[in-house]
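See below for the structure under consideration.
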Amino acid sequence: MNGENEAQEMDESEIDGFVMEEEGGIHIGDIYIPPPPPPALTMENTGPRLVISQIAIEDFKSYAGVQILGPFNKSFSSIIGPNGSGKSNVIDSMLFVFGYRAQKIRSKKISVLIHNSKEHPNIDKCRVSVHFKKIIDKPDGGQEEVPGSEIVISRTAMKDNSSFYTIGDKRVPRQEVAKLLRSHGVDLDHNRFLILQEPLKLMEEQVEAMNEQRTTHLNRVKAIEKEKDQLEGPKNAAIKYLKTENELTQCHSLIYQCQLHDKGKALEAAKEEQKQVEERFASLRERLDAISQKKNEKETTMKTIHENLEAATKEMESLKEQFKTLEQEDAKINDEKKRKNQLRKKLQENLQAEQTKAEQLKDVPEKNREKIQELEKASEMAEKEKVEAEETLNQAMSSLRDETKPLQEKKAVLETQLIDLKKDVNETKAARDMAQSDLDVYQRTERTEKTRLEQLQDQRKTATQQLQQKAMELKELEKTIPRMEKELSGGKKELAELAEKEGGLHEQHQGLCLQLEESRSAMHASRNTNRVLDALMQQKRSGNIHGIIGRMGDLGAIDERWDVAISTACPQLENILVETVDTAEECINFLKTHDIGRATFIALDQMQEYNRQANSTIKTPENVPRLFDLVKIQDDLYRPAFYFILRDTLVAETLDQATRIAYGAQRWRVVTLRGDLIEVSGIMSGGGKKMSSGRMGCRLSSGSAEITPEQLSVMESRIKDFERELSHIHARKEELEPLIVRLTKDLRDSTAKHKKLQLEVPGLEEQVPRLDSQIQEQEEKVAKVASDPREVKKLEAEIKKKAQDYEKAVEKSSGLEKEVKSLHERILEVNKSRTKDAQQHLDRAKSQKAMIGLVEQFRTTGLVQNANEGHSEERQLNLKKSENKVESMKVEVEELEVTLKGLVGRQKEIEEHASQNMQRSEQLKEEKEELEEGGGKVKKKLDALTEEENQLRKEKISFDEAMEKVLETVKDIKTTVNQIKSKLGKLQLEEVEGEETEPLKTLTEQELEDLDREALKSKITSLEGELKDQKPNLKVIKEYRDKLDQYLAKVDELHQLTQRRDHLKSRLSDLKINRLNEFMTGFGIISMKLKEIYQMITQGGDAELELVNSLDPFEEGISFSVRPPKKSWKNISNLSGGEKTLSSLALVFALHYYRPTPIYVMDEIDAALDFRNVAIIGEYVQSRTKNAQFIIISLRTQMFELASTLVGIYKTNNATHSVVVNPKEITRMAEVLSNPAGHSPGRKRRLEEDAR
């Protein structure tokens, strides 16, 4: 906590001996010599002077609450009180306001200053305010206050150890307080008035250090010049190598430009081909879209046809059922009609017979007899003609009968048999055809749907087989392609890794070869360059000199970002760190003895005084880093040594930032990232193109960086290993390249086939479910139209039976028919001419034979008998019955006719309905045939479109392959172009020292066309062979340049160092003279005044200041001797306590005579004096108060009775209080009280109260 408290106090500028830079101060390097402060006033001052009017204390130390001390007298005030009451806390409060640290106020930290008691616990802050004003002394002893001169300076302390200052109500820093008081003659910062020895001693040390640095720089310049001359030869060889390499780079650039030119042409051709393929592909895509659209239309049409066909089939089935119903009803009507007709016909016949009978009964018998006679005559004549015709025919036939009789007889028998057989054949054939027709009609729809179902099943079987085959091929390709891609990717990856590894190994091989050569060259160079360090480290390894740690720059590491900064700001990194001073002496003696060179050593045991600074942190302006904190140190034991060489150097980003930080309120040593350096003294260095770097590495060194022969052997072995591995890589690349070419071709073919199958398989996968759906629908249709097996079996059995009957009838009639035909032909030949006329005559006679039937009828009716008998009554009765019967039969006939008309009407309706049904069936049949025909045509067109689409998709796959091939070609060309561009971009010409590097040439297209490439390739081969033979150390150019820059920098540093040393020596001489003059002037005045004051206060004593070394008064110091009254001369250290007090007061008064101040505050200066000497000192102080204010704490009456104002301090309830008393007023009041005449009791009481 103490450290934190101190930091808090330092933040508030509570630093003892704070130096505010003023105009007139002197900066010499990092040493600042402030000017002597001007005197505030003289001993005979008559102008305004500053006094303390009062002090307000709030909760400070023993003071609780707000306590006002004062007002103080302008001349002499005394603070009195018992021990422990808080008198000294008054001075502590003033020291607190004036910015002294807590330790100077008898406290460990600021928070302890806050009052804390049982009566007043947990107070958060304390505050002290000192009230100043200016007055002008009057001749009569009075004073006049200068208007507006009041000043109130306050300081507040918080419980968290922080504090702040205020002037009036304005918060200000402590410097403003000091500046304000200094302007009024109270100097809080400067307690001296001479140039002290310490700055001059530091300057002398700097001059001596500069002398040593100059010697070191001079030796270093000579060594660097020698090293530079040694590097010049290898440098020239390396420059020649770089020139050749630049020429080769130019040739490579031209070759790459030619290749880019060629690839550009190839790329344009490939893009043109790509454009043509894309145009053809666009046309193909349009055709595919058109076919797809047509196919969709056809499928829609096909679906409509199927729906219409199904609707027609259903309607036909319905019509068939209706027709069958109508047919059955028609058959019933026909049967009924036939029965009714038969009944009507019978009734009509009976009616006609009854009517005829009635008519006959009505006619007279005479008429009947005449008719009968006529009929009998006609019958006789017909019979006679028939007989004559038969006789004529018989006569004609008789002549032929013998001739045709056997034939006629046989024919007649056969014809009789044939008629019956023919009838059977016709009937059985008609029955068979009818049964077959019924079966065909019954099974026709079923057969049609089954045929359609079989076609769909065949299509599904074919599609399923193709799907299985192509899916298997696709699955196999899906396994094969990733494997091929994996093999190809693995091969390419391995080839790329081998190429990358080959490039890396090649670079490492070249780098190692170069490193080997450089190491061989560096071994000799390092022996010369670091021969001092090498020689010392060799002594350490051999055990001759112990305690050598190493070069400072090798014992730490820093990030590359800060390399320039530390290399610029810390040249001491070249120094060698040793453990002790004795080790350093041994090393110097060794170097002198063997004439190896010079070196600067840092003894670690002498660096321990920096241990605290090395392990603490500081707050920096703008939070910039401290250079010391950026170093990674190999061992913490070396931290003090690194702090010694780096100190608190800060690192800034830019020079502007460095300037702000370096020249701020506190001076800092600052270095920028570019190597600009500003010293504490204000000197700024920088500029130039070359920046110092490399004095410290980026990584901590694990050991010595010395190259040994063993390490060279290891490098050679590694080079051979690299060569063997490069050979293996080359062989493996030769195996992989043809494999990758083959795999690329196979993968391209497989990918094309895979894409083709990816198009075909989904189509087949869609086709199979579609066919399944169609088959399912068709199966449903077949199931719906399926014939009843029992009905089919019954029809087939009937057909079979009818067929058998027909075959039997045909078999019976066929032979008989042939035989009858043969007989008939033979008979016709015989009777053809002779039987014709006789036959015609017989036919006429037979036609007249019908008359015979009438005669027989009349006979049967009894008309003749009735007529003959003449029975009149019976005839009348029969007539009556016949008429009644006629009437009854007429009614029945009319009823039958009405019924028949109804049947005929219904039959007509059935016929019309059946006719419409038949017409609609024929129409539906035609529509169905048209739909089937149209569906077949659409199906053919759809199949044709599908085939065309498949063909176009195959063409698309070919286009895809062609496009992929073109794109791959474009990609390969672009990849090659990028590779060439990458190679071209990596080409860079090396900078050659002393020559201007020309940029790489860029040729036009015409120049590239005209370029002789073979000559260019030949030149490249020649240059590569030339470079192969050369193995220069290219780093030597940089080393030479660095050495040259280092040499010039060192020469410049040597010159600057010499100038700084001479300037410092000149300033040092002037300051010494000035210091001596000023010191001797002040010494004379102070010595004389000391003698005078001491004689006065001791009344007869003597005091003297003497220079121990008069030639150099600052070398041995001053001797202070005194001679007390009636005693001998003694040194002040040998005096008693009281004598020492008198001597010291005399010296203090003498010093303040030389530099007087307006205010004096003293704490019990009379404690060791007797009453006599106290009175003397008091009288002297009182004499000095005419132009100064004295505030003295005292317990001696001889002192405080001389004061104009007494401030009494007392303590009650753990809190300090004060009371102010004017001794003169008290005396006056006492005189008044002692003489009561003329005063009333009230007046006396008021005086007593005033006194209290």
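The C-terminal position of the sequence shown is numbered 1252 in the UniProt record's numbering, with every residue numbered one higher than the one before it. Built from N, CA and C at the ideal position, the CB exists for glycine as well. Since the model is a prediction, treat every value here as computed from it, not as a measurement.
Note that the C-beta distance between V130 and I55 is below 7 Å. L326 and E911 have their C-alpha atoms spaced approximately 8 Å apart. Restricting attention to R742, E574, K159 and R155, the CA atom closest to the CA of A178 is found in R155. I683 counts as exposed, since fewer than 16 other C-beta atoms from the protein chains shown sit within 10 angstroms of its C-beta. Judged by DSSP in its simplified three-state form, L188 adopts coil rather than helix or strand. In the DSSP assignment, L1105 falls within the beta strand (DSSP E) that extends over D1102 to L1107. Excluding residues up to 5 positions away in sequence, V578, E579, T580, V581, T583 and A584 lie with their Cβ nearer than 8 Å to the Cβ of A603 in the same chain. By DSSP's assignment, Y663 forms a beta bridge with R667.
M691 carries a coil assignment under DSSP once its states are collapsed to helix, strand and coil. Taking 8 Å as the upper bound for CB-CB distance, H115 and A64 are in contact here, some 5 Å apart. In this structure, H1055 is the residue among E1225, R626, H1055 and G1084 with its C-alpha nearest to the C-alpha of V221. Here L924 is buried, its C-beta having at least 16 other C-beta atoms within 10 Å. DSSP places Y1160 in the strand class (E or B) of the three-state scheme.
In this structure, the alpha-carbon of T600 lies about 22 Å from that of D636.
Under DSSP, A157 takes part in a beta bridge, and its partners are C126 and S163. Two segments are said to touch when three or more pairs of C-beta atoms, one from each, lie closer than 8 Å; by this definition the stretch 728–747 does not touch the stretch 1078–1095. Beta bridge pairing from DSSP links T1185 with no other residue. Of the candidates I645, L1135 and V624, I645 places its Cα closest to the Cα of M607. In this structure, the CA atom of Y1210 is about 6 Å from the CA atom of S1218. Using a Cβ-Cβ distance cut-off of 8 Å, the stretch 78–94 and the stretch 169–177 are not in contact, since fewer than three pairs of beta carbons, one from each stretch, lie closer than that value. In the three-state scheme derived from DSSP, where H, G and I count as helix and E and B as strand, E1179 is classed as helix.
Scanning its chain for C-beta atoms nearer than 8 Å, with the 5 sequence neighbours on each side dropped, one finds around D124 the residues I114, M158 and K159, in chain order. Taking the Cα positions, I545 is about 47 Å away from Q657. Between the alpha carbons of L759 and G985 lies a gap of roughly 46 Å. Contact annotation, L248 with E998: C-beta distance approximately 14 Å; criterion of less than 8 Å not satisfied. Counting only the Cα atoms, A1168 lies some 5 Å from G1138. Separation of the CB atoms of V1174 and R1196 is rounded to 5 Å, and the pair is thereby assigned contact status at 8 Å.
Taking every protein chain shown into account, the CB of H594 has fewer than 16 other CB atoms within 10 angstroms, so this residue is exposed.
Residue environment: W562 is assigned as buried (16 or more neighbouring CB atoms within 10 Å of its CB, all protein chains considered). Segment contact: the stretch 461–470 against the stretch 760–768, three or more CB-CB distances shorter than 8 Å; contact assigned. When the five nearest sequence neighbours on each side are left out, the beta carbons in the same chain lying within less than 8 Å of the beta carbon of F323 are those of A914, N917, M918 and S921, in order along the chain.
Under DSSP, the beta-bridge partners assigned to I57 are Q67 and V128. Using a Cβ-Cβ distance cut-off of 8 Å, the stretch 281–288 and the stretch 932–944 are not in contact, since fewer than three pairs of beta carbons, one from each stretch, lie closer than that value. Here the alpha carbons of Q907 and A331 stand approximately 10 Å from one another. Ranked by how close their Cα comes to the Cα of M316, the residues L254, I1086, E710 and T445 have T445 in first place. Per DSSP, reduced to three states, the secondary structure at H120 is coil, with no helix or strand assignment.
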